[in-house]
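A short worksheet on the structure shown next.
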Amino acid sequence: MTLSWVTVDPYGRNRMKPALGTIWVALVSGASLLAAQQPQPTSADPLGGNFFPPELIMQNQQALGLSEEQKGFMITEIQRVQSQATPIQWRLTRELEKLGTLVRPPRVDEAQVLAQLDSLLVVEREMKHTQITLLIRLKNRLTPEQQAYLRDHVGQRDR
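Here's what the structure looks like:
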(Lines of atoms letter the chains of each structure in order from A and count residues from 1; the text may use other names and numbers.)
(Lines give C-alpha, C1' and ligand atoms only; values in the text may rest on other atoms or scores of the structure.)
Protein backbone atom coordinates (compact mmCIF):
# COMPACT_ATOMS: atom_id res chain seq x y z
CA MET A 1 0.00 0.00 0.00
CA THR A 2 1.51 3.32 -1.08
CA LEU A 3 0.85 6.28 1.12
CA SER A 4 3.44 8.68 -0.23
CA TRP A 5 2.14 11.87 -1.79
CA VAL A 6 5.51 12.95 -3.04
CA THR A 7 7.53 11.78 -5.99
CA VAL A 8 10.60 13.24 -7.66
CA ASP A 9 10.22 14.07 -11.34
CA PRO A 10 13.05 13.57 -13.87
CA TYR A 11 14.29 17.08 -13.08
CA GLY A 12 14.70 16.37 -9.36
CA ARG A 13 11.67 18.41 -8.29
CA ASN A 14 9.23 17.13 -5.68
CA ARG A 15 5.77 16.52 -7.12
CA MET A 16 2.55 15.40 -5.53
CA LYS A 17 1.59 11.91 -6.73
CA PRO A 18 -1.89 11.22 -7.95
CA ALA A 19 -1.84 8.60 -5.19
CA LEU A 20 -4.03 10.80 -3.03
CA GLY A 21 -6.93 9.00 -4.69
CA THR A 22 -5.40 5.73 -3.50
CA ILE A 23 -5.05 7.19 -0.02
CA TRP A 24 -8.65 8.35 -0.14
CA VAL A 25 -9.75 4.83 -1.13
CA ALA A 26 -7.76 3.45 1.81
CA LEU A 27 -9.40 5.93 4.18
CA VAL A 28 -12.85 5.17 2.82
CA SER A 29 -12.14 1.44 2.96
CA GLY A 30 -11.10 1.81 6.60
CA ALA A 31 -14.30 3.70 7.31
CA SER A 32 -16.27 1.00 5.49
CA LEU A 33 -14.58 -1.67 7.58
CA LEU A 34 -15.57 0.17 10.74
CA ALA A 35 -19.09 0.61 9.41
CA ALA A 36 -19.33 -3.11 8.72
CA GLN A 37 -18.38 -3.84 12.32
CA GLN A 38 -20.98 -1.51 13.80
CA PRO A 39 -24.66 -1.53 12.87
CA GLN A 40 -25.65 1.74 11.25
CA PRO A 41 -28.95 2.90 9.79
CA THR A 42 -27.41 3.76 6.40
CA SER A 43 -24.48 2.42 4.45
CA ALA A 44 -23.56 5.85 3.04
CA ASP A 45 -19.92 6.87 3.30
CA PRO A 46 -19.76 9.65 5.91
CA LEU A 47 -16.64 11.17 4.32
CA GLY A 48 -17.35 10.78 0.61
CA GLY A 49 -18.38 14.00 -1.06
CA ASN A 50 -17.49 16.05 1.99
CA PHE A 51 -13.77 16.37 1.33
CA PHE A 52 -12.07 17.23 -1.94
CA PRO A 53 -8.69 15.86 -3.04
CA PRO A 54 -6.17 18.59 -3.90
CA GLU A 55 -5.94 17.25 -7.48
CA LEU A 56 -9.67 17.75 -7.97
CA ILE A 57 -9.43 21.34 -6.77
CA MET A 58 -6.37 22.00 -8.96
CA GLN A 59 -8.03 20.43 -12.02
CA ASN A 60 -11.09 22.63 -11.57
CA GLN A 61 -9.50 25.88 -10.39
CA GLN A 62 -10.83 27.92 -13.33
CA ALA A 63 -14.35 26.53 -13.09
CA LEU A 64 -14.27 27.14 -9.34
CA GLY A 65 -13.03 30.70 -9.81
CA LEU A 66 -10.38 30.29 -7.11
CA SER A 67 -9.06 33.60 -5.87
CA GLU A 68 -5.33 34.27 -5.72
CA GLU A 69 -5.60 34.10 -1.93
CA GLN A 70 -7.22 30.67 -2.12
CA LYS A 71 -4.61 29.39 -4.60
CA GLY A 72 -1.75 30.74 -2.48
CA PHE A 73 -3.15 29.21 0.68
CA MET A 74 -3.70 25.83 -0.97
CA ILE A 75 -0.23 25.73 -2.51
CA THR A 76 1.31 26.57 0.86
CA GLU A 77 -0.75 23.91 2.65
CA ILE A 78 0.04 21.22 0.08
CA GLN A 79 3.75 22.02 0.31
CA ARG A 80 3.58 21.95 4.11
CA VAL A 81 1.93 18.53 4.06
CA GLN A 82 4.42 17.22 1.50
CA SER A 83 7.29 18.24 3.77
CA GLN A 84 5.59 16.52 6.72
CA ALA A 85 4.52 13.42 4.77
CA THR A 86 7.96 12.51 3.42
CA PRO A 87 9.59 11.69 6.79
CA ILE A 88 6.39 9.96 7.92
CA GLN A 89 6.50 7.84 4.75
CA TRP A 90 10.10 6.86 5.53
CA ARG A 91 9.10 5.81 9.06
CA LEU A 92 6.06 3.97 7.74
CA THR A 93 8.21 2.02 5.28
CA ARG A 94 10.73 1.19 8.01
CA GLU A 95 8.00 -0.07 10.35
CA LEU A 96 6.42 -2.11 7.56
CA GLU A 97 9.81 -3.69 6.72
CA LYS A 98 10.24 -4.64 10.37
CA LEU A 99 6.79 -6.23 10.40
CA GLY A 100 7.60 -8.11 7.20
CA THR A 101 10.77 -9.49 8.78
CA LEU A 102 8.85 -10.67 11.85
CA VAL A 103 6.17 -12.53 9.87
CA ARG A 104 8.58 -14.21 7.41
CA PRO A 105 9.56 -17.29 9.52
CA PRO A 106 7.32 -20.41 9.49
CA ARG A 107 6.35 -19.68 13.10
CA VAL A 108 6.07 -16.15 14.42
CA ASP A 109 6.17 -14.62 17.86
CA GLU A 110 2.63 -13.28 18.27
CA ALA A 111 3.58 -10.69 20.89
CA GLN A 112 6.43 -9.31 18.76
CA VAL A 113 4.29 -9.13 15.63
CA LEU A 114 1.44 -7.41 17.43
CA ALA A 115 3.82 -4.96 19.10
CA GLN A 116 5.34 -4.13 15.71
CA LEU A 117 1.87 -3.80 14.21
CA ASP A 118 1.05 -1.29 16.95
CA SER A 119 4.18 0.68 16.03
CA LEU A 120 3.16 0.65 12.37
CA LEU A 121 -0.39 1.77 13.18
CA VAL A 122 0.91 4.72 15.21
CA VAL A 123 2.79 5.97 12.15
CA GLU A 124 -0.19 5.26 9.86
CA ARG A 125 -2.40 7.25 12.22
CA GLU A 126 0.02 10.16 12.02
CA MET A 127 -0.07 10.00 8.20
CA LYS A 128 -3.85 9.87 8.08
CA HIS A 129 -4.10 12.72 10.57
CA THR A 130 -1.81 14.82 8.37
CA GLN A 131 -3.84 13.98 5.27
CA ILE A 132 -7.22 14.70 6.83
CA THR A 133 -5.88 17.97 8.26
CA LEU A 134 -5.00 19.05 4.72
CA LEU A 135 -8.43 18.06 3.41
CA ILE A 136 -10.13 20.03 6.20
CA ARG A 137 -8.04 23.13 5.56
CA LEU A 138 -8.65 23.00 1.81
CA LYS A 139 -12.38 22.53 2.30
CA ASN A 140 -12.57 25.42 4.75
CA ARG A 141 -11.04 27.76 2.14
CA LEU A 142 -13.66 26.88 -0.45
CA THR A 143 -16.95 28.76 -0.56
CA PRO A 144 -20.19 26.77 -0.23
CA GLU A 145 -20.74 27.33 -3.97
CA GLN A 146 -17.28 25.96 -4.81
CA GLN A 147 -17.90 22.94 -2.60
CA ALA A 148 -21.26 22.32 -4.30
CA TYR A 149 -19.57 22.46 -7.72
CA LEU A 150 -16.98 19.88 -6.64
CA ARG A 151 -19.62 17.64 -5.09
CA ASP A 152 -21.63 17.74 -8.33
CA HIS A 153 -18.49 17.25 -10.44
CA VAL A 154 -17.36 14.24 -8.40
CA GLY A 155 -20.86 12.80 -8.41
CA GLN A 156 -21.13 13.04 -12.21
CA ARG A 157 -17.65 11.60 -12.72
CA ASP A 158 -18.35 8.60 -10.47
CA ARG A 159 -21.67 7.72 -12.12
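Note that numbering that gives the first Met the number 0 gives residue 139 to position 140 of the sequence shown, counting from 1, and the numbers run on in steps of one. All C-beta atoms in this analysis are idealised placements derived from N, C-alpha and C, irrespective of residue type, glycine included.
### Task
Would you mind reading off the limits of the alpha helix (DSSP H) that contains T86?
Counting from 1 along the sequence shown, the entry for residue 86 is found at position 87. According to the sequence provided, residue 86 is Pro. The question's Thr does not apply to it. From DSSP, the alpha helix (DSSP H) with P86 extends over 67 to 102.
### Query
Which stretch, first to last residue, makes up the alpha helix (DSSP H) that contains L137?
On the sequence shown, position 138 is the one that residue 137 refers to. Run containing L137: 109 to 140, per the alpha helix (DSSP H) assignment.
### Query
What three-state label does DSSP hand A62 in the structure shown?
As a first step, residue 62 is located in the sequence shown; it is residue number 63 there, counting from the start. Helix at A62.
### 8 Å contact criterion, which E76 and L137 should meet: CB distance rounded
For the purposes of this step, residue 76 is taken as the residue at position 77 of the sequence shown. For the purposes of this step, residue 137 is taken as the residue at position 138 of the sequence shown. Between L137 and E76 the Cβ distance is about 7 Å, and since that is below 8 Å, they are a contact.
### Exposure label - V122; buried when at least 16 CB within 10 Å
Position 123 of the sequence shown, counted from the start, is the residue given in the question as residue 122. Per the 10 Å Cβ criterion, buried.
### Query
Ordered along the chain, which non-local residues of its own chain (more than five positions away) have a Cβ less than 7 Å from that of A62?
As a working note, residue 62 is residue 63 in the sequence shown. Answer for A62: Y148, listed in chain order.
#### Entry: L116 and L98 closer than 8 Å at C-beta
Position 117 of the sequence shown, counted from the start, is the residue given in the question as residue 116. Position 99 of the sequence shown, counted from the start, is the residue given in the question as residue 98. Yes, they are a contact pair.
### Query
T132 and A84: beta carbons closer than 8 Å?
Position 133 of the sequence shown, counted from the first residue, corresponds to residue 132. Position 85 of the sequence shown, counted from the first residue, corresponds to residue 84. For T132 and A84, no; Cβs fall outside 8 Å.
### Query
Should Q145 go down as buried or exposed, given a rule of 16 or more other Cβ atoms within 10 Å for buried?
Residue 145 sits at position 146 when you count from the first residue of the sequence shown. Buried.
### Task
Look up P53 in the DSSP assignment and say whether it is helix, strand or coil.
As a first step, residue 53 is located in the sequence shown; it is residue number 54 there, counting from the start. It is helical.
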